[in-house]
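What the sequence shown shows, in UniProt numbering, is residues 1 to 210, in sequence order.
Positions of the beta carbon are idealized from the N, C-alpha and C atoms, including for glycine.
Bear in mind the structure is a predicted one, so any value in this text is a computation, not a measurement.
Accompanying notes for the structure given below.
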Amino acid sequence: LLFQEESSVQALIDACIEEDGKLYLCVSSPTIKDKPVQIRPWNLSDSDFVMDGSQPLDPRKTIFVGGVPRPLRAVELAMIMDRLYGGVCYAGIDTDPELKYPKGAGRVAFSNQQSYIAAISARFVQLQHGDIDKRVEVKPYVLDDQMCDECQGARCGGKFAPFFCANVTCLQYYCEFCWANIHSRAGREFHKPLVKEGADRPRQIHFRWN
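Shown next as structure tokens:
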């Protein structure tokens, strides 16, 4: 449901009954009377949580978390990840730019490389909080407008790097030339690049040698 006024959301909440911390509204149909349906309002302040304000946020120590259950708040995501890996300084829940409602994904920033690598090495994490128990995907957060870490744009005409290598032996951005050069070496030929796609979700592509 999308309302024009915030007061309408509050009126809906006031009309609900609360049970075990959840909100329900009784709805009737021609066949069913007073069927309780769950209402999940979203508080905009729950989208971001700074766990350690003394630490600067480093995008290169930030992970993408896919498949985040929609009731989960940023503070809860931060607590879960900090319990698992430590060093969390920020967590955010991605919301629709127009509706301001969670899209089912999040970001977590760490204060140290060790926690970051531990998280991305796991690839999947079991989020457990209250009634929530879900396996979610973890990937490095791929940034826009990054220069190639190898040539700083010298071998690609100053263009931004299209590829990111998520393997812990690399964790770098590459232009096509440098990707082919670095990943032709023994032990790296099976690395797969990540590129950014819609909704901030990094996806894996299959790089073909020329």
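Exercise for review: Give me the Cα-Cα distance between R188 and Q146, rounded to the nearest whole angstrom.
Suggested key: Start at 1 with the first residue of the sequence shown, and residue 188 comes out as number 188. Start at 1 with the first residue of the sequence shown, and residue 146 comes out as number 146. R188 and Q146: Cα-Cα distance of roughly 21 Å.
Review point. Should E19 be labelled buried (16 or more other beta-carbon atoms within 10 Å of its own) or exposed?
Key: Reading the sequence shown from its first residue, position 19 is the one you call residue 19. By the neighbour-count rule (16 or more Cβ atoms within 10 Å), E19 is not buried but exposed.
Review point. If Y141 sits next to I63, beta carbons under 8 Å apart, how far is it from one beta carbon to the other, in whole angstroms?
Key: Counting from 1 along the sequence shown, the entry for residue 141 is found at position 141. Counting from 1 along the sequence shown, the entry for residue 63 is found at position 63. That pair is a contact at about 6 Å.
Check your understanding: Cα-Cα, which of I17, D46 and G153 is closest to K35?
Key -> The residue labelled residue 35 in the question sits at position 35 within the sequence shown. Per the Cα distances, I17.
**Study point:** Cβ shell of G153 (< 7 Å), same chain only, five flanking positions each side left out
**Key:** For the purposes of this step, residue 153 is identified with residue 153 of the sequence shown, where counting begins at 1. Cβ neighbours of G153 beyond the five flanking positions: M147 and K159.
**Study point:** Near the ligand ADP: C170 beta-carbon under 8 Å from a heavy atom
**Key:** The ligand ADP is absent from the structure shown, which contains no ligand whatsoever.
Review point. Between the C-alpha atoms of D14 and F164, what's the straight-line distance to the nearest angstrom?
Key: Taking the sequence shown and counting its residues from 1, one reaches residue 14 at position 14. Taking the sequence shown and counting its residues from 1, one reaches residue 164 at position 164. Each residue's alpha carbon lies about 48 Å from the other.
Point to revise | First and last residue of the uninterrupted alpha helix (DSSP H) at residue 229 | key: Examination of residue 229 is not possible in this model, given that the chain is present from 1 through 210 alone.
Check your understanding: Over what stretch of residues does the alpha helix (DSSP H) that includes A91 continue unbroken?
Key -> Position 91 of the sequence shown, counting from 1, holds the residue named residue 91. Segment V88 to T95 is the beta strand (DSSP E) holding A91; no alpha helix (DSSP H) there.
Review point. Where does K61 sit, in a helix, a strand or coil, going by DSSP?
Key: Within the sequence shown, residue 61 is the residue found at index 61, counting from 1. Three-state result, K61: helix.
Practice item. Return the CA-CA distance between T31 and V37, expressed in angstroms with no decimal places. Key: In the sequence shown, residue 31 corresponds to position 31, counting from 1. In the sequence shown, residue 37 corresponds to position 37, counting from 1. So the two alpha carbons sit approximately 15 Å from each other.
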